[in-house]
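Visitor:
Shown next, in the form of structure tokens:
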């Protein structure tokens with residue numbers, strides 16, 4: 007069990023732990039067992055989506071582990087093809103998850119590849135009614151974010167995008183932060199060569215694995231990271247990244263990977 011406190015970043019509706027469990031492609035009992043294991047190991051941030059088809063399994067794990075609901079940060083996402091029935095989908099998600107609120111609700115992809123300010127307005131109304139504590143988007147460009155801001159005066163709290171050393175773009179991070187938007191990175195390991203010399207050297211220096219170095223790199227860049235696994239030992243290792251710190255030189259070497 008991980009005992010080190012998990013750092014958080016501030017959202018308008020609360021604190022988001024910088025490390026969470028991703029559940030994409032986790033299904034059925036396997037998904038429920040993975041979420042249960044993660045919560046037992048110390049995770050307090052679970053990321054799911056309506057499109058993953060596992061909200062009920064996530065909900066069962068939340069109900070049976072015995073951790074206070076308010077101590078777990080729960081995210082789900084609206085499929086873009088549900089944009090016209092977002093409120094009904096939210097009601098269904100809350101029922102499946104067995105909760106009366108979400109900590110974060112995201113538009114999973116831009117509907118019809120458009121920013122969709124009308125969908126964003128529905129999200130704002132759900133937040134104002136207390137059904138959601140923070141609202142955001144996923145896979146949005148800076149131009150699309152700006153369209154939402156221009157239309158409603160409110161920036162998404164989060165933009166969840168693919169992020170890894172290969173994707174590293176300081177200007178992109180700066181653009182989000184100038185708008186007060188937290189970057190949340192998915193597929194951090196899938197998009198990375200764990201044999202890259204910079205990762206191997208840092209891992210050897212700290213007595214950890216290259217995968218742990220990648221996740222620690224995200225944390226030190228203040229990018230929320232949600233690695234997915236269904237194996238208990240891997241779930242544990244992915245959270246066990248809080249006891250070491252990459253040096254400036256190691257961070258720079260990893261930043262330069264392509």
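Residue numbers (the working numbering): 7 to 264. Glycine residues also receive a C-beta, built at the ideal position from the N, C-alpha and C atoms.
1. Excluding five sequence neighbours on each side, which residues of the same chain lie with their C-beta closer than 8 Å to the C-beta of residue 59?
2. Within the continuous alpha helix (DSSP H) that includes residue 212, where are the two ends?
3. How should residue 83 be labelled, buried or exposed, when 16 other C-beta atoms within 10 angstroms of its C-beta is the threshold for buried?
4. Using DSSP with H/G/I as helix, E/B as strand and the rest coil, what is residue 241?
5. DSSP on residue 159, reduced to helix/strand/coil?
6. Once DSSP output is grouped into helix, strand and coil, what is the label at residue 42?
7. Got a sec? Which residues, its chain only, sit under 6 Å from residue 150 by beta carbon, not counting five neighbours each side?
8. Output the distance between the C-alpha atoms of residue 49 and residue 118, rounded to the nearest integer angstrom.
9. Can you check whether the CB of residue 109 is closer than 9 Å to the CB of residue 80?
10. Three Cβ pairs or more, each shorter than 8 Å: is that satisfied between the region 140–158 and the region 99–114?
11. Could you tell me whether the Cβ atoms of residue 235 and residue 40 are closer together than 9 Å?
12. Do you know how far the Cα of residue 227 is from the Cα of residue 11?
13. With a threshold of 7 Å on Cβ separation, who are the neighbours of residue 102 within its own chain once the five nearest residues in sequence on each side are excluded?
14. Tell me, to the nearest whole angstrom, how far the beta carbon of residue 164 is from that of residue 17; I am working on the premise that it is less than 8 Å.
15. Note down, in chain order, each residue of its chain lying with its Cβ closer than 6 Å to the Cβ of residue 247, except the 5 sequence neighbours on either side.
16. Measuring straight from C-alpha to C-alpha, what distance separates residue 199 and residue 241?
Guide: In brief:
1. 33
2. Its alpha helix (DSSP H) spans residues 203–212.
3. Around the beta carbon of residue 83, 16 or more other beta carbons lie within 10 angstroms, which makes this residue buried.
4. helix
5. coil
6. helix
7. 116 and 121
8. 34 Å
9. yes
10. yes
11. yes
12. 18 Å
13. 61, 62 and 65
14. 7 Å
15. 218, 221 and 222
16. 19 Å
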